[in-house]
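Following numbering that gives the first Met the number 0, the numbering of the sequence shown begins with 0 at its first residue and continues without gaps.
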Amino acid sequence: MSRRKIVDVFLLLLVVSFSLFFARASASFESDELLLQDDEEFGLEGARSPDLEHLNPIRPPIRRKSDLDSSSSSDSKAIQFNLEHAFGDSGFSPAGTFTARLKSWSHGGQTLTKLRFSRNTLTDAEIEAFEKLLKEDDFYTIRVPSNVLSPPGKDYIVSSIKARCLPRETLDEHFVIHTEGVNILAVNYGSAGVCQYPRLLKLPAKWSFNSYTVLKNGEQAPRTPTFAEELHAGENGEGEGVKPPEKSFWAKYNDSEDSSRTGDLNEL
Numbered sequence: 000m001s002r003r004k005i006v007d008v009f010l011l012l013l014v015v016s017f018s019l020f021f022a023r024a025s026a027s028f029e030s031d032e033l034l035l036q037d038d039e040e041f042g043l044e045g046a047r048s049p050d051l052e053h054l055n056p057i058r059p060p061i062r063r064k065s066d067l068d069s070s071s072s073s074d075s076k077a078i079q080f081n082l083e084h085a086f087g088d089s090g091f092s093p094a095g096t097f098t099a100r101l102k103s104w105s106h107g108g109q110t111l112t113k114l115r116f117s118r119n120t121l122t123d124a125e126i127e128a129f130e131k132l133l134k135e136d137d138f139y140t141i142r143v144p145s146n147v148l149s150p151p152g153k154d155y156i157v158s159s160i161k162a163r164c165l166p167r168e169t170l171d172e173h174f175v176i177h178t179e180g181v182n183i184l185a186v187n188y189g190s191a192g193v194c195q196y197p198r199l200l201k202l203p204a205k206w207s208f209n210s211y212t213v214l215k216n217g218e219q220a221p222r223t224p225t226f227a228e229e230l231h232a233g234e235n236g237e238g239e240g241v242k243p244p245e246k247s248f249w250a251k252y253n254d255s256e257d258s259s260r261t262g263d264l265n266e267l
C-alpha cells in the first residue's frame, strides 16, 4: 500500500469519527429537550419550572403621602365650640357654632385645623336690639371659650366693635382666631372692610350675617389692638388706629427734596 493511500484512509476515518460524534451530541440534546417537554406536559414531580421571581420581580409597596401623614399623627377628631353675643349692656346669648378638627400628634401636641362657622338666624328680638345699637352707635360684643375642650361657663375671650361698622348689604363680620393647641389666645373681630369715622347710621338690606373666619396657629399670638381700641383712638382724634404704611428710604428722600424746593420758591 502506498503512502498516499494510507493518508487517504486516515482522513476518511477521521471524517467518519467526527460525523459520529456530532450525531450523538445532537441526539442527546433532542433527548433532553423531549424530556423537559414531557415533564411539563404531564406535570411530573421534580420537573424544572421557569424562574418566576426573575420574570415578575417582587417590588416593595409604595407608601402614599396619606399613609405617611397618618403614621405621623395618631388621632384627628371633630370638635365644636360656641359663639355668644351681647347687644350693648345686655347679657350674652348663643349666636353660632364653630366646628374644627383637633389633630393630636404622636409627640403629644394638638392643633386645631379646618375651622368652619355656622351663624344662628337672628330672632325678631335680636334684630330690634341691633337696630337700637345702630341708632345709639353702641358696641356689639362677641365671646368664645378660652379653651375649646372646656365645658361652657369657664373663661372667655371677648371682643367688641361698634355696631355701625358691620352693615353693608348684610352684616359683614370677620373673625381672626389665634390659637395654641386647644387654647384660644386672642380673637380679632371686626368688619370685612374699613370702618370709616364718623360712622353713619345705615340699616342692612338683609338682616343676616355674612361671616369670614381665619384660624392662626402659633406658639404665641401677637398682641394687636382690638377693633374697639382702634375705634376709640379714632374718636379721640388719633386717626382710625391703623398706621399708614412705612415709606421707603427713596420716598422719604423725594419728600425732603420736594420740601426744600418749595422753601426755595417761597424765598424767591
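C-beta: ideal position from N, C-alpha, C; glycine also.
Assigned secondary structure, residue i (DSSP; H/G/I helix, E/B strand, else coil)
{"i": "residue 148", "result": "coil"}
{"i": "residue 162", "result": "helix"}
{"i": "residue 190", "result": "coil"}
{"i": "residue 23", "result": "helix"}
{"i": "residue 281", "result": "With the chain running from 0 to 267 in the structure shown, residue 281 is simply not present."}
{"i": "residue 134", "result": "helix"}
{"i": "residue 198", "result": "coil"}
{"i": "residue 121", "result": "coil"}
{"i": "residue 154", "result": "coil"}
{"i": "residue 14", "result": "helix"}
{"i": "residue 143", "result": "strand"}
Residues bridged to residue i [DSSP beta-bridge criterion]
{"i": "residue 213", "result": "175"}
{"i": "residue 111", "result": "101"}
{"i": "residue 208", "result": "170"}
{"i": "residue 82", "result": "95"}
{"i": "residue 9", "result": "None; residue 9 has no bridge partner."}
{"i": "residue 77", "result": "100"}
{"i": "residue 183", "result": "178"}
{"i": "residue 116", "result": "97"}
Supposed contact pair residue j and residue i - C-beta distance, whole angstroms, cut 8 Å
{"i": "residue 148", "j": "residue 178", "result": "Incorrect: roughly 12 Å between the Cβ atoms, too far for contact."}
{"i": "residue 186", "j": "residue 160", "result": "About 11 Å separates the two Cβ atoms, so there is no contact after all."}
{"i": "residue 182", "j": "residue 146", "result": "5 Å"}
{"i": "residue 143", "j": "residue 82", "result": "6 Å"}
Same chain, Cβ closer than 6 Å to residue i, neighbours up to 5 away in sequence not counted
{"i": "residue 84", "result": "94, 141"}
{"i": "residue 121", "result": "206"}
{"i": "residue 203", "result": "166, 169, 170"}
{"i": "residue 115", "result": "98"}
{"i": "residue 180", "result": "109"}
{"i": "residue 194", "result": "164"}
{"i": "residue 128", "result": "86"}
{"i": "residue 5", "result": "none"}
Chain-order list of residues whose beta-carbon lies under 8 Å from that of residue i (same chain, five-residue window excluded)
{"i": "residue 325", "result": "Residue 325 lies beyond the residue range present for the chain, which begins at 0 and ends at 267; the question has no answer from this structure."}
{"i": "residue 199", "result": "163"}
{"i": "residue 154", "result": "144, 145, 146"}
{"i": "residue 138", "result": "87, 132, 159, 160, 161, 162, 227"}
Neighbourhood of residue i by C-beta, 7 Å cutoff - its chain only, sequence neighbours within 5 removed
{"i": "residue 208", "result": "118, 169, 170, 172"}
{"i": "residue 91", "result": "83, 84, 85, 142"}
{"i": "residue 269", "result": "Examination of residue 269 is not possible in this model, given that the chain is present from 0 through 267 alone."}
{"i": "residue 12", "result": "none"}
Any non-hydrogen atom of the ligand COA within 8 Å of residue i CB
{"i": "residue 203", "result": "The ligand COA is not part of this structure, which contains no ligands at all."}
Handout entry: Three-pair Cβ contact test at 8 Å for the stretch 87-102 versus the stretch 125-138
Key = yes
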